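A.B. asks: Sequential numbering of the sequence shown, starting at 709, is according to our numbering.
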Amino acid sequence: MSEQVTPTVGREWHLVARPAGWPTPENFALVEAPVRQPGPGEILVRNEYLSVDPYMRGRMNDVKSYVPPFQLGAAMDGGAVGYVIASEAEGIAVGDAVLHGLGWREYATLPAERAVKVDPALAPLSYYLGVLGMPGLTAYAGLLEVASFKEGDSVFVSGAAGAVGSLVGQIAKLKGASRVIGSAGSAEKVAKLVDGYGFDAAFNYKDGPVREQLAEAAPDGIDVYFDNVGGDHLEAAISALNPYGRATLCGAIAQYNDTTPPAGPRNLAMAIGKRLRLQGMLVNDHAALQSQFVAEMAGWLRDGKLSYDETVVKGVENTAEAFIGLLRGDNTGKMVVQLTS
Ligand SMILES: NC(=O)c1ccc[n+]([C@@H]2O[C@H](COP(=O)([O-])OP(=O)(O)OC[C@H]3O[C@@H](n4cnc5c(N)ncnc54)[C@H](OP(=O)(O)O)[C@@H]3O)[C@@H](O)[C@H]2O)c1
709 MSEQVTPTVG REWHLVARPA GWPTPENFAL VEAPVRQPGP GEILVRNEYL
759 SVDPYMRGRM NDVKSYVPPF QLGAAMDGGA VGYVIASEAE GIAVGDAVLH
809 GLGWREYATL PAERAVKVDP ALAPLSYYLG VLGMPGLTAY AGLLEVASFK
859 EGDSVFVSGA AGAVGSLVGQ IAKLKGASRV IGSAGSAEKV AKLVDGYGFD
909 AAFNYKDGPV REQLAEAAPD GIDVYFDNVG GDHLEAAISA LNPYGRATLC
959 GAIAQYNDTT PPAGPRNLAM AIGKRLRLQG MLVNDHAALQ SQFVAEMAGW
1009 LRDGKLSYDE TVVKGVENTA EAFIGLLRGD NTGKMVVQLT S
């Protein structure tokens, strides 16, 4: 047990109004709050990096879902990594680096059992929010387990320049996909997919109908679709999937800010004749893959076989803007907020 001089006040983000449609900066407030000193079994962490993730948009609505909604006027939370600055817990010491769930704030006091020690010598701390963390496991499990990927499959992934999508495409290539196709929202991102991540083909979904662009990029159809987007992407993929094709329904970001339910996919009945399997996923169901995932992913990173990008926004005061920017597509790879320089 050890202690050093610790701050008494820190800044934390509150949701002050629920967004109707697109979130705006006025929905959020950065407020000062007392930093609680750790009690028995607890640690105090100085956060170094905060994660902003698309699922947080759902938590801003007052609806029942697989994660509870953010409460108005209370501190928001989410993934974060940082260093322990005070500890009253066995097994975690001042100076240890930890991953935990009390992000959207500078300092976090929490029970030690809700933090996981991570090794900053093995990989940069922020990687535990991305390639070696939740988005990485989502990509790994969603492709290999949920979509039952097998060597020779032709794979299409949407949101392909983002945290999850960029890894899905690269894992598919590393595991022997016959063809990997990605879609993203700018010419720069499309170039990155082919030149940086080794995709065989890529297109900008803003350039024309997804169905037409996908048909051109995948003349022989696709066997696996990894859906981060929903809407017209899912509809196009249903048309392009070969018999017995599989789709992992991972996210539907195209509709997260919609105020009315989407109309499609209008061609769902095609799933019958083609005997398609469309399966939703939640990353938390796949914890059993964690050690295999970390070993394989860290190995690919070490051997230079996997490219990983981050978009780093600096300063806790820019967290809400970073989150809104994520929904707009400002990021390539994982969007993180760096709190200290
Ligand atoms: N089921 C699970 O357990 C699980 C876990 C993690 C993530 N997810 C989901 O996986 C998806 C990707 O998450 P991530 O963390 O990797 O985020 P991300 O892809 O790094 O960032 C979101 C990206 O979505 C794209 N986007 C925004 N609006 C769009 C639209 N209307 N149509 C197409 N693309 C749009 C933007 O890129 P462009 O510039 O290309 O538009 C943006 O960069 C999200 O849907 C998320 O909810 C699910």
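Every residue, glycine too, gets a C-beta built ideally from N, C-alpha and C. Just so we're clear, the structure is a prediction, and the values are computed from it rather than from any experiment.
Leaving out the 5 sequence neighbours to the left and right, which residues in its chain are closer than 8 Å to isoleucine 980 when beta-carbon positions are compared?
C.D. replies: none
A.B. asks: Do you know offhand how far valine 724's Cα is from valine 937's?
C.D. replies: 28 Å
A.B. asks: Quick check on the burial criterion: 16 or more other C-beta atoms within 10 angstroms. Buried or exposed for glutamine 1046?
C.D. replies: buried
A.B. asks: Would you identify the three-state DSSP class for aspartate 908, choosing helix, strand or coil?
C.D. replies: Residue state, collapsed to three classes: coil.
A.B. asks: Quick one: grab the DSSP three-state call for glutamine 745.
C.D. replies: Glutamine 745 falls in the coil class under three-state DSSP.
A.B. asks: When the distance is taken between beta carbons, is alanine 926 closer than 8 Å to phenylalanine 864?
C.D. replies: Yes, the pair counts as a contact, with Cβ atoms nearer than the cut-off.
A.B. asks: Around the C-beta of leucine 882, are 16 or more other C-beta atoms found within 10 angstroms, so that it is buried, or is it exposed?
C.D. replies: exposed
A.B. asks: Considering only DSSP beta bridges, list what histidine 808 is partnered with.
C.D. replies: Ala788
A.B. asks: In this structure, how does DSSP classify threonine 1019 when only helix, strand and coil are distinguished?
C.D. replies: strand
A.B. asks: Hey, how far is the Cα of serine 866 from the Cα of methionine 768?
C.D. replies: 24 Å
A.B. asks: Just to confirm, does serine 866 get its C-beta within under 7 Å of one of the non-hydrogen atoms of ligand 1?
C.D. replies: yes
A.B. asks: Tell me, please, whether the region 768 to 787 touches the region 800 to 813 by the rule of three or more beta-carbon pairs shorter than 8 Å.
C.D. replies: yes
A.B. asks: Restricting to Cα atoms, I'd like to know which of Leu840, Gly729, Arg719 and Glu720 is closest to glycine 1041.
C.D. replies: Leu840 is the residue among Leu840, Gly729, Arg719 and Glu720 whose C-alpha sits nearest the C-alpha of glycine 1041.
A.B. asks: Three Cβ pairs or more, each shorter than 8 Å: is that satisfied between the region 822 to 831 and the region 912 to 922?
C.D. replies: In short, these stretches do not touch, since the Cβ pair count stays below three.
A.B. asks: Could you name the residues of the same chain whose beta carbon sits closer than 6 Å to that of alanine 948, not counting the 5 residues immediately before and after it, in chain order?
C.D. replies: Leu922, Ala926, Gly929 and Ile930
A.B. asks: Grab the span of the alpha helix (DSSP H) containing lysine 897 for me, first residue to last.
C.D. replies: 895 to 903
A.B. asks: Keeping to the same chain, check which residues put their C-beta closer than 8 Å to that of valine 775; ignore five residues upstream and five downstream.
C.D. replies: Tyr763, Gly766 and Arg767
A.B. asks: Among the residues of its own chain, which have a CB less than 6 Å from the CB of arginine 838, if the five just before and after it don't count?
C.D. replies: A small correction: the amino acid at residue 838 is glycine; arginine does not occupy that position in the sequence shown. So the qualifying residues of the chain are Ala871 and Lys1042.
A.B. asks: Rounded to whole angstroms, how far is the Cβ of valine 1044 from the Cβ of serine 834, which I believe are closer than 8 Å?
C.D. replies: Correct: roughly 5 Å between the Cβ atoms.
A.B. asks: With three or more C-beta pairs closer than 8 Å as the rule, is the region 939 to 953 touching the region 902 to 910?
C.D. replies: no
A.B. asks: Could you please give the first and the last residue of the uninterrupted alpha helix (DSSP H) stretch that includes threonine 956?
C.D. replies: Counting along the chain, threonine 956 falls outside any alpha helix (DSSP H), though it belongs to the beta strand (DSSP E) covering 949 to 957.
A.B. asks: Under the rule that 16 or more other beta-carbon atoms within 10 Å means buried, what is tyrosine 952, buried or exposed?
C.D. replies: exposed
A.B. asks: Can you give me the C-alpha to C-alpha distance between valine 713 and valine 802, rounded to a whole angstrom?
C.D. replies: 11 Å
A.B. asks: Taking only the alpha-carbon atoms, compute the straight-line gap between alanine 816 and alanine 960 and give it to the nearest angstrom.
C.D. replies: Between alanine 816 and alanine 960, the alpha-carbon positions lie close to 31 Å from each other.
A.B. asks: Beta carbon of leucine 851, beta carbon of phenylalanine 934: below 8 Å?
C.D. replies: yes
A.B. asks: Does the beta-carbon of proline 762, which I'm using as the reference point, lie nearer than 7 Å to any heavy atom of ligand 1?
C.D. replies: yes
A.B. asks: Could you give the distance in angstroms between the alpha-carbon of valine 772 and the alpha-carbon of aspartate 1011?
C.D. replies: The identity of residue 772 in the sequence shown is lysine, whereas the question assumes valine. Here the alpha carbons of aspartate 1011 and lysine 772 stand approximately 43 Å from one another.
A.B. asks: For the structure I just gave you, are there three or more beta carbon pairs, one from the region 745 to 754 and one from the region 1029 to 1041, closer than 8 Å?
C.D. replies: no
A.B. asks: Closer than 8 Å by C-beta to proline 917: which residues in its own chain qualify, once you throw out the five before and the five after it? Chain order, please.
C.D. replies: Asp940 and Ala944
A.B. asks: So the alpha helix (DSSP H) isoleucine 930 belongs to, where does it begin and stop?
C.D. replies: Counting along the chain, isoleucine 930 falls outside any alpha helix (DSSP H), though it belongs to the beta strand (DSSP E) covering 930 to 935.
A.B. asks: Tell me which residue opens and which closes the beta strand (DSSP E) that lysine 716 is part of.
C.D. replies: Going by the sequence as given, residue 716 is threonine instead of lysine. Threonine 716 -> no beta strand (DSSP E), and no H or E assigned at all.
A.B. asks: Given this structure, state the Cα-to-Cα distance separating valine 792 from alanine 869, to the nearest angstrom.
C.D. replies: 33 Å
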